[in-house]
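Under this note's numbering, the residues of the sequence shown are numbered 117 to 453, in order.
Heads up, the beta-carbon is just placed ideally off N, CA and C, and yes, glycines get one too.
Keep in mind that this is a model prediction, so the values were computed, not measured.
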Amino acid sequence: MEAPTYSALAALCQQVFSLSAGESMPDSPSAVTAPWCLTLLAEQVQETQLAQLKTFLGERGWAVSGLDILACSAERTALRLQLDANLEFDSARKALLELAAALGVELTLQAGSTQRTPRLACFDMDSTLIQAEVIDELAKIAGVGEQVAEITLAAMRGELDFQQSFRKRMGLLQGFTEERLAEIAPKLPIMPGAPRLLRALRALGCKTAILSGGFTYFAGYLKDNHLAVDVIHANQLEFEDGALTGGVIDPIVDGARKAHLLQEIAEEMHLSLDQVIAVGDGANDLPMLSLGALGIAFHAKPKVRAEAPQAIDDFGLDAALYLFGLNDRQIEELLAE
Numbered sequence: 117m118e119a120p121t122y123s124a125l126a127a128l129c130q131q132v133f134s135l136s137a138g139e140s141m142p143d144s145p146s147a148v149t150a151p152w153c154l155t156l157l158a159e160q161v162q163e164t165q166l167a168q169l170k171t172f173l174g175e176r177g178w179a180v181s182g183l184d185i186l187a188c189s190a191e192r193t194a195l196r197l198q199l200d201a202n203l204e205f206d207s208a209r210k211a212l213l214e215l216a217a218a219l220g221v222e223l224t225l226q227a228g229s230t231q232r233t234p235r236l237a238c239f240d241m242d243s244t245l246i247q248a249e250v251i252d253e254l255a256k257i258a259g260v261g262e263q264v265a266e267i268t269l270a271a272m273r274g275e276l277d278f279q280q281s282f283r284k285r286m287g288l289l290q291g292f293t294e295e296r297l298a299e300i301a302p303k304l305p306i307m308p309g310a311p312r313l314l315r316a317l318r319a320l321g322c323k324t325a326i327l328s329g330g331f332t333y334f335a336g337y338l339k340d341n342h343l344a345v346d347v348i349h350a351n352q353l354e355f356e357d358g359a360l361t362g363g364v365i366d367p368i369v370d371g372a373r374k375a376h377l378l379q380e381i382a383e384e385m386h387l388s389l390d391q392v393i394a395v396g397d398g399a400n401d402l403p404m405l406s407l408g409a410l411g412i413a414f415h416a417k418p419k420v421r422a423e424a425p426q427a428i429d430d431f432g433l434d435a436a437l438y439l440f441g442l443n444d445r446q447i448e449e450l451l452a453e
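So, in structure tokens, the structure goes:
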């Protein structure tokens with residue numbers, strides 16, 4: 117699809133919102149002065165979508181006081197609207213989720229004060245930093261794929277207690293050899309946008325952590341070969357004579373443990389929680405997603421997306437950079453460092 121020109125998109129925004137975004141992408145977006153920011157993500161944005169968004173905002177008395185174009189390419193358009201609004205976050209977020217689904221765009225609401233670079237970013241691993249649920253991949257090879265996948269999906273939907281489901285799944289993997297684990301690790305597909313996001317975070321001086329209900333074995337492989345995160349907390353596999361015992365080494369990293377670890381790492385770094393963000397896809401990520409300045413449900417199940425403060429559904433992990441108030445020019449400069 118042909119990329120829109122910046123000037124054409126700016127003219128469209130001027131036409132709909134009567135706000136100027138300039139003739140070309142600036143070195144940095146305008147300073148945030150409003151209490152709320154609304155980020156629109158779409159492959160390409162249409163006039164009808166913007167007009168319906170304007171009507172929605174106007175009906176609620178939410179005034180648009182500023183507009184920035186953060187991205188304008190063939191792959192994605194990102195707009196940031198500053199909102200002068202007296203709103204209740206949860207009800208506003210839910211209404212915007214419904215509007216986004218109707219318009220075919222993504223709309224992310226956040227406090228204006230959170231439009232800044234975090235000092236600590238905490239990530240789930242499976243289906244967030246990698247495009248797989250590792251325990252399901254092990255189960256397929258072990259011939260118990262259907263049984264384990266059924267338990268995993270129920271846990272991700274929040275229908276099963278994570279610790280109980282984890283122990284049941286591990287029991288089915290008894291006898292899986294360490295040699296086969298070493299064969300699987302290099303084949304795990306990295307989530308699109310993850311390397312860009314992690315590189316940008318490093319350039320910004322932000323520390324990163326994996327807080328995963330998966331395994332230290334694979335998180336360590338990611339750290340050493342792909343993503344260079346600073347901290348890893350995940351579940352430890354128990355071996356005997358080079359094979360999995362089917363048992364579990366406590367403590368299990370479940371949702372409550374993830375939230376505790378996020379707070380513990382922040383405290384060790386002398387950070388307040390408004391300097392921390394979290395990203396994940398499952399029900400066991402919701403406790404940590406509720407703690408920081410941003411809690412981003414990434415390619416998440418409907419239940420998780422409905423409850424998380426923010427969400428990214430149809431774009432790569434690097435789309436999170438727009439929620440820090442960065443535009444594409446700034447992002448490319450960071451990645452060039």
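ask   = Residues bridged to Asn202 by DSSP?
value = As a working note, residue 202 is residue 86 in the sequence shown. None; Asn202 has no bridge partner.
Whole-angstrom C-beta distance between Gln426 and Leu437, which should lie under 8 Å = In the sequence shown, residue 437 corresponds to position 321, counting from 1. In the sequence shown, residue 426 corresponds to position 310, counting from 1. Wrong, their Cβ atoms sit about 13 Å apart, outside the cutoff.
ask   = Could you give the C-beta distance for Val369 and Asn351, rounded to a whole number, given that I count them as a contact under 8 Å?
value = Taking the first residue of the sequence shown as 1, we reach residue 369 at position 253. Taking the first residue of the sequence shown as 1, we reach residue 351 at position 235. Between Asn351 and Val369 the Cβ distance is about 5 Å, and since that is below 8 Å, they are a contact.
ask   = Which whole runs of the alpha helix (DSSP H) in the segment 368 to 451 are 4 residues long or more, in chain order?
value = 371 to 384, 402 to 405 and 418 to 423
message = Applying the 10 Å Cβ sphere with the 16-neighbour rule, what's the burial state of His386?
response = Taking the sequence shown and counting its residues from 1, the one referred to as residue 386 is at position 270. His386 is exposed by the Cβ-count criterion.
inquiry  = I need the straight-line Cα distance from Lys417 to Ile300, nearest angstrom please.
reply    = The residue given as residue 417 occupies position 301 in the sequence shown. The residue given as residue 300 occupies position 184 in the sequence shown. Between Lys417 and Ile300, the C-alpha separation is close to 25 Å.
request  = For the segment 375 to 385 and the segment 224 to 233, state whether three or more C-beta atom pairs, one from each stretch, are separated by less than 8 Å.
outcome  = no
request  = Tell me Trp152's beta-bridge partners as DSSP assigns them.
outcome  = Position 36 of the sequence shown, counting from 1, holds the residue named residue 152. Leu199 and Ala227, per the DSSP bridge assignment.
query = Does the separation of the CB atoms of Asp429 and Arg421 fall below 8 Å?
reply = By 1-based counting over the sequence shown, the position of residue 429 is 313. By 1-based counting over the sequence shown, the position of residue 421 is 305. Result yes, Cβ atoms of Asp429 and Arg421 sit closer than 8 Å.
inquiry  = Measuring only the C-alpha atoms, how far is Arg445 from Ala452?
reply    = Stepping through the sequence shown from its first residue, residue 445 is reached at position 329. Stepping through the sequence shown from its first residue, residue 452 is reached at position 336. Using only the alpha carbons, I get a separation of about 11 Å.
query = Using the rule of at least 16 other Cβ atoms within 10 Å of the residue's Cβ for burial, across every protein chain shown, is Ala150 buried or exposed?
reply = The residue labelled residue 150 in the question sits at position 34 within the sequence shown. Buried.
Whole-angstrom distance between Ala167 and Val132, CA atom to CA atom = One-based indexing of the sequence shown puts residue 132 at position 16. One-based indexing of the sequence shown puts residue 167 at position 51. The alpha-carbon atoms of Val132 and Ala167 are separated by roughly 6 Å.
ask   = Could you give the distance in angstroms between the alpha-carbon of Leu212 and the alpha-carbon of Phe205?
value = As a working mapping, residue 212 is identified with position 96 in the sequence shown. As a working mapping, residue 205 is identified with position 89 in the sequence shown. Distance between the alpha carbons of Leu212 and Phe205: 10 Å.
ask   = Taking C-alpha atoms, which residue in Ser134, Thr224, Arg192 and Leu154 lies nearest to Tyr122?
value = Here the question's residue 122 lines up with position 6 in the sequence shown. It is Arg192.
task = May I have the straight-line CA-CA distance separating Glu139 from Ala126, to the nearest angstrom?
result = As a first step, residue 139 must be located in the sequence shown, where it is residue number 23. As a first step, residue 126 must be located in the sequence shown, where it is residue number 10. Distance between the alpha carbons of Glu139 and Ala126: 7 Å.
key: Unbroken stretches of the beta strand (DSSP E), 3 residues or longer, contained in the segment 318 to 345   = 323 to 331
message = Here's the rule I'm using: 16 or more other beta-carbon atoms within 10 Å means buried, otherwise exposed. How should Glu262 be labelled?
response = Position 146 of the sequence shown, counted from the start, is the residue given in the question as residue 262. Per the 10 Å Cβ criterion, exposed.
request  = Could you tell me which residues DSSP puts in a beta bridge with Val264?
outcome  = Reading the sequence shown from its first residue, position 148 is the one you call residue 264. Its beta-bridge partners do not exist; DSSP assigns none.
query = Since Ala179 sits in a beta bridge, which residues does DSSP pair it with?
reply = Taking the sequence shown and counting its residues from 1, the one referred to as residue 179 is at position 63. Paired residue(s): Asp200.
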